[in-house]
Amino acid sequence: MKNPFLKKQNVLVYLSVLFLAFTQLSCNNNDDNNGDDDDDDVPVGTLPPVETKPANSTYVPAFKGQTRIAGIKTETAYTSKVFAEGLANPWGMDNLPDGRIIVTQKAGTMRIVTQAGTVGATITGIPAVNSTGQGGLLDVAIDPDFVTNRMVYWSFSFNGTAGTATAVAKGKLSADETKIENAVVIYKAIPEFNSTLHYGSRLAWDKQGNLFVSTGERSDIASRPLAQKLDAALGKIVRITKNGEPAAGNPFIGQTGVLPEIYSYGHRNPQGLAVHPVTGELWEAEHGPLGGDEINRITIGKNYGWPTITYGLEYSGAKIGDGITTKSGMEQPVYYWDPVVSPSGITFYSGNLIPEWKNNLFAAALSGQHVVRLVLKDNVVVAEERLLTSANSRFRDVLEGKDGALYAVTDGANAKIYRIAK
Numbered sequence: 224m225k226n227p228f229l230k231k232q233n234v235l236v237y238l239s240v241l242f243l244a245f246t247q248l249s250c251n252n253n254d255d256n257n258g259d260d261d262d263d264d265v266p267v268g269t270l271p272p273v274e275t276k277p278a279n280s281t282y283v284p285a286f287k288g289q290t291r292i293a294g295i296k297t298e299t300a301y302t303s304k305v306f307a308e309g310l311a312n313p314w315g316m317d318n319l320p321d322g323r324i325i326v327t328q329k330a331g332t333m334r335i336v337t338q339a340g341t342v343g344a345t346i347t348g349i350p351a352v353n354s355t356g357q358g359g360l361l362d363v364a365i366d367p368d369f370v371t372n373r374m375v376y377w378s379f380s381f382n383g384t385a386g387t388a389t390a391v392a393k394g395k396l397s398a399d400e401t402k403i404e405n406a407v408v409i410y411k412a413i414p415e416f417n418s419t420l421h422y423g424s425r426l427a428w429d430k431q432g433n434l435f436v437s438t439g440e441r442s443d444i445a446s447r448p449l450a451q452k453l454d455a456a457l458g459k460i461v462r463i464t465k466n467g468e469p470a471a472g473n474p475f476i477g478q479t480g481v482l483p484e485i486y487s488y489g490h491r492n493p494q495g496l497a498v499h500p501v502t503g504e505l506w507e508a509e510h511g512p513l514g515g516d517e518i519n520r521i522t523i524g525k526n527y528g529w530p531t532i533t534y535g536l537e538y539s540g541a542k543i544g545d546g547i548t549t550k551s552g553m554e555q556p557v558y559y560w561d562p563v564v565s566p567s568g569i570t571f572y573s574g575n576l577i578p579e580w581k582n583n584l585f586a587a588a589l590s591g592q593h594v595v596r597l598v599l600k601d602n603v604v605v606a607e608e609r610l611l612t613s614a615n616s617r618f619r620d621v622l623e624g625k626d627g628a629l630y631a632v633t634d635g636a637n638a639k640i641y642r643i644a645k
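So, in C-alpha cells, the structure goes:
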C-alpha cells in the first residue's frame, strides 16, 4: 500500500523546485544580456519608416526590421545650432580631455575648436598625405593617456612606391598646440594599390587601449576580392597596439599566410567605427554600392561578406557576383539602407542631456544629408529618425562631446559643426 504522506511530501518538493526555478528565471530575465539595464524601457518606432524612396533592388531582407524600420521622433525638446564654421574639408573629430574638439582637414592639417566654438590656428607637422579623390588626412584619435603623454593618432592616405595605402601615424601635440612633434607612421594596410578611393579609415579605441582601424577595399574590380583574402589588409578591420603591432588576442595570430592584425574581414568601405559604451562591442558602418549601406556589430574573426554577399547592386544596376544576399559562414548586417544614405562617422550616445537617446547609435550621412538616429534593443534596430535634415548638408562625422551634446560636422569647404543639445 502506498504511503499518502510520502506522496504529499513529493508534491511539496516538486512545488519547491518549481518556485526556485521561477525565481531564478525572473532574476535572469532582469539581467540584460548586454549589461544594459534600460533595454526594457527602449522605445519602439510607431511612425512610418523615414525612407520613402523606392529601393534599387528587389532583395528581401534576412529578417524583419533589417531595413526600413518604423520611424520615431525625439520627444525631448532640443536645439540644433551652428557651433563652429570655417573648416576646410573636415573628416574626423575627437574630444580633448578639457572638452575642446580636435578636427582633421583633408589637405593635411588639424584644428582645435574651443568650447565656445572658436576655430584655432592650423596645426602643422603632419607627414604629407595624398589628398586626391577620397584620400587625405582622415580620422583622428586622442590617446587615452593624452593628459600625460599628449599623443595623437591619425589615419591618412599614404603615398607608396606601388600606389597608395590606408596608414596610421602618431605624434605628440606640442605644448603651444601649433604642431605635431616626432610624427611616425606605425601601420600601413598592404598591399599598396593604384587608387584614390575607398580608404575606409576610421579609428576607435578598445577598452584595453588597442586601436581598431578600418580599411577599404580600394573600389576596383581587381582589388575587390582582397576583402576576402586574409593575406591582405584591404577591406578589413584591424586591431593594433599603440606601436602598430598586432594586438594580443587577435583571431588569426600564429596562422601561416594570414595577417595577424586582422580582426574582421569582408568589408567594402567602412567609414564608421564606435565601441558600445555598455557592452564594449565594436560597431561599424560601411558604404554599399547602389544600395546596401550597412550597420554591423563586429564579432572577432568573422566574415562580413563583401563582395560575395550584398544588398546592393553595381552602379550600372547589374548584380554583384552571383547576386546573393546570404551565405553560410558570412555575417548579416544588423541594418541596411537601399537607397543609400552613405554613413560615415558613427557614435553611441551615453550622455544625460537627452535621456531617451541613451545607447542609441548616431551616424553622419553624406548623400543622405542628415544625421541618422538608430534605436537599438537587444542588438536589433527598432526605430530610426533623421536629424538636421533642414541643414541641407553632407555630414561627415558625429561625436558626443564632453558636455553631453551631440556634435555633427559637415563635409566640404567652409564646413560647419552643429551642436545638438537640450
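Residue numbering for the sequence shown follows the numbering used here, beginning at 224 and increasing consecutively. For every residue, glycine included, the Cβ atom is placed at its ideal position computed from N, Cα and C.
Item                                                                                                                                                                                  : Value
Throw me the rounded Cβ distance for the N318 and I365 pair, which I believe falls under 8 Å.                                                                                         : 7 Å
Do you know offhand how far G322's Cα is from I640's?                                                                                                                                 : 15 Å
Please determine if the segment 261-281 and the segment 602-610 are in contact, where contact requires at least 3 C-beta pairs separated by less than 8 Å.                            : yes
With distances taken between CB atoms, is the gap from P483 to N492 smaller than 9 Å?                                                                                                 : no
Across the segment 277-284 and the segment 520-539, are there enough close Cβ pairs to call them in contact, namely three or more that are closer than 8 Å?                           : yes
Short check: CB of F379 to CB of V352, under 9 Å?                                                                                                                                     : yes
Report the residue from I543, L584, T387 whose alpha carbon sits nearest the alpha carbon of R447.                                                                                    : I543
Taking all protein chains shown into account, decide if D545 is buried (16 or more other Cβ within 10 angstroms of its Cβ) or exposed.                                                : exposed
The alpha helix (DSSP H) with N372 in it runs from where to where?                                                                                                                    : 369-372
Please work out which residues of its chain come closer than 7 Å, Cβ to Cβ, to A636, disregarding the five sequence neighbours upstream and downstream, and give them in chain order. : A311, N312
Short check: CB of L449 to CB of R462, under 9 Å?                                                                                                                                     : no
Any chance you could list the alpha helix (DSSP H) runs of at least 4 consecutive residues sitting entirely within the segment 355-403, in chain order?                               : 369-372
Name the two residues that bound the continuous beta strand (DSSP E) containing L622.                                                                                                 : 618-623
Given a threshold of 16 other Cβ atoms within 10 Å of its Cβ, counted over all protein chains shown, does G524 qualify as buried or as exposed?                                       : exposed
Mind pulling the beta strand (DSSP E) runs of 3 or more residues that sit fully within the segment 549-591?                                                                           : 558-560, 566-571, 584-588
Could you compute how far the alpha carbon of V436 sits from the alpha carbon of T549?                                                                                                : 26 Å
Checking 9 Å against the spacing of the C-beta atoms, do L420 and G356 come in under that value?                                                                                      : yes
Quick one: grab the DSSP three-state call for R647.                                                                                                                                   : Residue 647 lies beyond the residue range present for the chain, which begins at 224 and ends at 645; the question has no answer from this structure.
In chain order, what residues of the same chain lie with their CB nearer than 7 Å to the CB of K625, ignoring the 5 residues before and after it?                                     : N318, G322
Go through its chain and collect everything with a Cβ distance to D443's Cβ below 8 Å, but skip five positions before and after it.                                                   : F416, S418, L420
Here's the rule: buried if 16 or more other CB atoms are within 10 angstroms of the residue's CB, otherwise exposed. What is Q338?                                                    : exposed
Cutting at 7 Å between CB atoms, please list the residues of its own chain near I476, excluding the five before and the five after it.                                                : P469, P483
Are the Cβ atoms of I295 and V598 separated by less than 9 Å?                                                                                                                         : yes
How far does the beta strand (DSSP E) with T531 in it extend, from its first residue to its last?                                                                                     : Premise fails: T531 is in no beta strand (DSSP E) and is neither H nor E.
Can you tell which of N382, G348, T347, W428 has the C-alpha that lies nearest to the C-alpha of D368?                                                                                : W428
Decide if A631 is buried, meaning its Cβ has at least 16 other Cβ atoms within 10 Å, or exposed.                                                                                      : buried
Just how far apart, CA to CA, sit S487 and S590?                                                                                                                                      : 26 Å
If you follow the beta strand (DSSP E) that R462 is in, where does it begin and where does it stop?                                                                                   : 459-463
Mapping the DSSP letters down to three states, classify R447 as helix, strand or coil.                                                                                                : helix
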